[in-house]
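J.:
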Amino acid sequence: MKSKRTQSVQSMLTQHKVDKQATNDKSETHTNTRIGNKDAKIHGGSYAIPDSEYPEFMNKVKMATTAGQYEYLTEKQLPEGTLAIDMDLHYDYEVEDRQHGKEHIDDLIDVIFSTLNDMYVFNAEQNIIAYVMQKPDVNRVKEKNITKDGVHLLVNIKMDRHAMKYLREQLMAKIPEIWDIPIINTWGGVFDEGVMKGTTNWQLYGSRKPHHGRYSVSYIYDIGYDETDNEFIRDEINDVSAHLEELDWMNLSVRNTNLPTFQLKTSFISTYEKYLPVNKTRTQFSRNNIPVRKSAGYSSLSKDLTSIKSQEELDSLYNEFMDSLTANDHKLISACKMTMILPSEYYGNGSYDKWIRVCWALKNTSLDLLLAWVKFSSQTASFRFPDSIMECIEKWDETAVQSDGGLTLGSICHWAKTSNPTEYKDILNQSIYAKIEQSINYAVQNSNLNNKKNGICGDADFAEVLFAMKGDEYVSAGIKSVLWYRFVNHRYEVCESGTSLRNEIGGTMRSLYNQKAQEYLHESTFQPDDAESKENELAKIKAKVCMNVFAHLGKTTDREHIMIESRHMFYVMDFFDKLDQDPYLMGFNNGVMDFREKVFRPGKPEDYISMSTHINYINLDNNDKQQREIVHEITEFMHQLFPIDEEYEYMFDHLASTLIGNSINQTFTMYTGEGRNGKSVLISLMAKILGDYKVEVPLSLVCGKRVAEGGTSAEKAALKGARYAVFQEPTKGDRINEGKMKELTSGKDPITCRAPYMTNMITFIPQATFAIACNVMMDVDSNDGGTWRRIRVAEFLSYFTEKPVKNDSTKPYQFVVDCEIENKFDRWKEVFMSMLIDRVLKTNGYVKDCDMVMAASNKYRQSQDLFSQFFEERIVIDANKTLTKTELYSEFSVWYSNNASGKTPTARETADNMDKLIKKNIKGKWTGIGLSYGDAVDENTEAMEPVQTGLADLE
1 MKSKRTQSVQ SMLTQHKVDK QATNDKSETH TNTRIGNKDA KIHGGSYAIP
51 DSEYPEFMNK VKMATTAGQY EYLTEKQLPE GTLAIDMDLH YDYEVEDRQH
101 GKEHIDDLID VIFSTLNDMY VFNAEQNIIA YVMQKPDVNR VKEKNITKDG
151 VHLLVNIKMD RHAMKYLREQ LMAKIPEIWD IPIINTWGGV FDEGVMKGTT
201 NWQLYGSRKP HHGRYSVSYI YDIGYDETDN EFIRDEINDV SAHLEELDWM
251 NLSVRNTNLP TFQLKTSFIS TYEKYLPVNK TRTQFSRNNI PVRKSAGYSS
301 LSKDLTSIKS QEELDSLYNE FMDSLTANDH KLISACKMTM ILPSEYYGNG
351 SYDKWIRVCW ALKNTSLDLL LAWVKFSSQT ASFRFPDSIM ECIEKWDETA
401 VQSDGGLTLG SICHWAKTSN PTEYKDILNQ SIYAKIEQSI NYAVQNSNLN
451 NKKNGICGDA DFAEVLFAMK GDEYVSAGIK SVLWYRFVNH RYEVCESGTS
501 LRNEIGGTMR SLYNQKAQEY LHESTFQPDD AESKENELAK IKAKVCMNVF
551 AHLGKTTDRE HIMIESRHMF YVMDFFDKLD QDPYLMGFNN GVMDFREKVF
601 RPGKPEDYIS MSTHINYINL DNNDKQQREI VHEITEFMHQ LFPIDEEYEY
651 MFDHLASTLI GNSINQTFTM YTGEGRNGKS VLISLMAKIL GDYKVEVPLS
701 LVCGKRVAEG GTSAEKAALK GARYAVFQEP TKGDRINEGK MKELTSGKDP
751 ITCRAPYMTN MITFIPQATF AIACNVMMDV DSNDGGTWRR IRVAEFLSYF
801 TEKPVKNDST KPYQFVVDCE IENKFDRWKE VFMSMLIDRV LKTNGYVKDC
851 DMVMAASNKY RQSQDLFSQF FEERIVIDAN KTLTKTELYS EFSVWYSNNA
901 SGKTPTARET ADNMDKLIKK NIKGKWTGIG LSYGDAVDEN TEAMEPVQTG
951 LADLE
């Protein structure tokens, strides 16, 4: 077949062709080659495309391939780069069909990632994409009497050749056990050694060998990682074509350098070293040789942890570590001391969940705390040397450092405070007094004691003392905005200008310096009777400093200066972004409901919760008579709202799903029905139980034009953390912007915005379940599946009146109206919330569709499908007719202007709709259909059978 290369690819290749005869520059190595073939008149060659131009080159390849043009290129692999696997499958010539299926590919992916999991430390923040490529069918080679097939895989993870060599050996051993296929070559021949060693070029995506078909992506796997179970989660990208259309094709190149990198597991290093060249010594890669301190000045204090054989050796090393710390290492000192007072519930039998969280918190605090982690773990009775040390190191290696939202020193302090308050207070006091002592020493060294203004330390020193006192309780959310939060009552609450913290300066802190002054005066009084005593004089000087500080902290201006400095000390970067981001946590007055763990527990600072339902959580107790009565009243109320059982169950699940913010259902629910049917009453009840988690939002969020990314939008900002968002009631003619609706309900698309009162942007993923109560239905222009799979219509069929009529044919579900119903909600709220919680703990937030709701939704869709209406009215089925695109659009434009509002769909959209309803047009024409002009008689069909019109005739 003649080569049909695109000029843009060819011109770039020509520009960077390597002329081996014209140059002796050995530094110019090729990046690509072309496979030549005389019969096909394809000229081979070598090319050196600079790394800076390679993305542009891949974009040109993408355009050429998409346009159906042929190329025959390969690309040279990098020493470290994308994991590329080439499987060559050979069968007897009698084999005519592909012998492996989708299930084989799934198993292959599972084996690859299971093996990678044994090699590297992964985390939940970085997904990995795997591309599986195949030819359309097998290749039967008669002259060789074999049938060939193959699989190409690209996994977007950075690996070196030594690790790939190990992986290849594992695949050769494991895949034969699960792939029961009749290959005639060896498994060593199946997994191309040259490709995984990097010595063999890779077929550039979109290219092929001369006279052969090309490999195309058949499956795309999106692999996530569950840090709780330490397992990969295999997911697929179903619309491969759409993904490839949007994809940067550098991701399909083995020369891609924009790849995630992961550390080797400690447990794998000894195996990995066996695959290294002889001249690379093991000590280059050993990570068991852990320095006691990694900081500058302490690198000489090292110990091979795995060589420790007893508790005495470990204690000695730990004490050496603690002795090496100075006053500047107060963070490490606090972390160690707080960790060591945690009780056995954090390290004893059955404590794994708490034990591993201590590991996470220590590593997030500092990488220097590995030894503290081992020392802490050694307290359990089952600890064995050295095996348990290896286990601790492996868990440490598997822990990914989280820069935002993870467990830290604050978490450890909170655990210590709640589980061992006495020792916590002792350590805290020691820490506070150490900071006070440090500040006094600075003042003594640098101050003129006769000047009260100078006889004190600086504002930064006072801020450090304040942080030692209240660092686990207060957060500065903005340096310029002077916005403070305080962790109290299980959540973060706004602390206006940090007033309560400021009061601590003039209260507790001032009192502490006064106490120190008295201590120093007492010390100077009882020193030996020696006027020259240095200790006596120093104590008097320190007492003088403390009295100066006491006076200083009593002044308004000076306290304000300390607060300004404290903004920096207490500042938490991206605090707003972290707040209320966990979709599985919900704040109550008396604690936090954790839907992931399915427990109600005290709130923790690392929860980053600021919102609350403003009600207490209670356990439902069937033995409680009052609760039983309330449950009965609520059940009766719900049955009156939804008298048909399937909708009753559906709506209960729908309301319960609002408690979890994972947007698993991705629905936009319309509550419909004419007046006095209970829509607004139900929404009021939900507002009563959800508190901050229920918001009312304007229609502009789903109807108007999109606000520019990062623009000011108080309406969008109000959605942050909300679980139940109810739109204002629409009026006739309001139209849904399907793009905005999809963005809000996807559960994946982040929103970046700021309210007018915010100085910084916030970024979040909407968690809310969206609903709208309406008497008139909104218009929906789009007829695509992505829009309509989100829309649910929940009909409120009941009618509440003073005088219900039985057996009314128009309103069959009538009930006596209770005008005082909303006065019962305060009595109901906690019980109703617990009913919903019990339900969502069973469903995990998933709402199963019911026939009644889907029927109403489909009816709504049909009413909005304008093109189908046009088809029914204006299209005739007639084998002797043809219809052109121009004729179709001309007629549709006139019909649309008379029957619809808004912008008329484009000619292309109109043609696409016709293609979907009938069949794809050929050269701009559809055969077998024409336009219907009502009563007008077409002279060409007058003598024929009566023509048929409408969609029904296509059945």
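So that you can map any letter, position 435 of the sequence shown is 435 in full-length UniProt numbering, and since no number is skipped, the others follow by simple counting. Ideal Cβ positions, reconstructed from N, Cα and C, are used throughout, including at glycine. Bear in mind the structure is a predicted one, so any value in this text is a computation, not a measurement.
On the DSSP bridge list, what partners appear for Val780?
T.: Looking at the DSSP assignment, Val780 forms a beta bridge with Ile736.
J.: Quick check: what's the CA-CA separation for Ala768 versus Glu94?
T.: 58 Å
J.: DSSP three-state label for Phe122, please.
T.: It is coil, neither helix nor strand.
J.: Grab me the residues of Thr508's own chain with a C-beta within less than 8 Å of its C-beta, minus the 5 sequence neighbours each way, in chain order.
T.: Met469
J.: Quick one: is Gly518 buried, meaning 16 or more other Cβ sit within 10 Å of its Cβ, or exposed?
T.: Checking the displayed sequence, the identity of residue 518 turns out to be Gln instead of Gly. Label assigned to Gln518: exposed.
J.: Measure the C-alpha to C-alpha separation of Gln10 and Ile129 and round it to an integer number of angstroms.
T.: 30 Å
J.: Helix, strand or coil: which one does DSSP assign to His152?
T.: strand
J.: Measure the C-alpha to C-alpha separation of Pro210 and Ile389 and round it to an integer number of angstroms.
T.: 57 Å
J.: The beta strand (DSSP E) with Lys925 in it runs from where to where?
T.: Lys925 to Leu931
J.: If you check the beta carbons only, do Val121 and Gln15 fall under 8 Å apart?
T.: no
J.: Closest to Ala381 by C-alpha separation, out of Lys148, Phe727 and Ser351, would be which residue?
T.: Ser351
J.: In whole angstroms, give me the CA-to-CA distance for Arg735 and Gln77.
T.: 53 Å
J.: In whole angstroms, give me the CA-to-CA distance for Leu204 and Thr31.
T.: 11 Å
J.: Going by DSSP, what residue range makes up the beta strand (DSSP E) through Thr33?
T.: Asn32 to Arg34
J.: Taking all protein chains shown into account, do 16 or more other C-beta atoms lie within 10 angstroms of the C-beta of Gly206, making it buried, or fewer, making it exposed?
T.: buried
J.: Please go through the same chain and pick out, in chain order, the residues whose beta-carbon is closer than 8 Å to the beta-carbon of Asn622, but skip the five residues on each side of it.
T.: Arg628
J.: By the DSSP assignment, the beta strand (DSSP E) with Leu483 in it spans what residues?
T.: Unbroken beta strand (DSSP E) run through Leu483: Leu483 to Val488.
J.: I'd like the span of the beta strand (DSSP E) that includes Thr399, first residue to last.
T.: Premise fails: Thr399 is in no beta strand (DSSP E) and is neither H nor E.
J.: Do you know how far the Cα of Cys753 is from the Cα of Lys720?
T.: Taking the CA atoms as reference points, Lys720 sits about 10 Å from Cys753.
J.: Could you spell out where the beta strand (DSSP E) holding Cys495 opens and where it closes?
T.: Following the DSSP letters along the chain, one finds Cys495 inside the beta strand (DSSP E) bounded by residues Arg491 to Cys495.
J.: In this structure, what does DSSP give as the bridge partners for Arg140?
T.: Thr147
J.: Is the Cβ-Cβ distance between Leu701 and Lys716 less than 8 Å?
T.: yes
J.: Alpha carbon to alpha carbon, how far is Leu13 from Ala64? Give it in angstroms, no decimals.
T.: 13 Å
J.: DSSP three-state call for Glu606: helix, strand or coil?
T.: helix
J.: If we ignore side chains and look at the alpha-carbon of each, how far apart do Arg384 and Leu305 end up?
T.: 13 Å
J.: Out of Gln581, Arg596 and Asn619, which one is the CA nearest neighbour of Ile609?
T.: Gln581
J.: In this structure, does DSSP put His43 in helix, strand or coil?
T.: It is coil, neither helix nor strand.
J.: In terms of residues, what are the limits of the alpha helix (DSSP H) holding Ser216?
T.: That residue, Ser216, is in no alpha helix (DSSP H); its beta strand (DSSP E) goes Ser216 to Asp226.
J.: Quick check on Gln862: buried or exposed, where buried means 16 or more other Cβ atoms within 10 Å of its Cβ?
T.: By the 16-neighbour rule on beta-carbons within 10 angstroms, Gln862 is exposed.
J.: Entirely within the stretch 416-453 and at least 4 residues each: give me those alpha helix (DSSP H) ranges in chain order.
T.: 421-446
J.: Determine the DSSP secondary structure at Val572, reduced to helix, strand or coil.
T.: coil
J.: Any idea which residues DSSP pairs Lys17 with across the strands?
T.: Answer by DSSP bridge pairing, in chain order: Tyr47.
J.: Could you spell out the range, first to last residue, of the alpha helix (DSSP H) harbouring Glu629?
T.: Lys625 to Leu641
J.: Could you give the residue range of the beta strand (DSSP E) that holds Tyr846?
T.: Per DSSP, Tyr846 belongs to no beta strand (DSSP E) and is neither H nor E.
J.: Please report the straight-line C-alpha distance between Asn24 and Thr33, rounded to a whole angstrom.
T.: Any reading at Asn24 needs caution, since the residue's pLDDT is 49, under 50, leaving its predicted position unreliable; the model's value is listed next. In a straight line, the C-alpha of Asn24 is about 19 Å away from that of Thr33.
J.: Whose C-beta lies closer than 6 Å to the C-beta of Asp472 among residues of the same chain, with five residues either side of it excluded?
T.: Gly410 and Cys413
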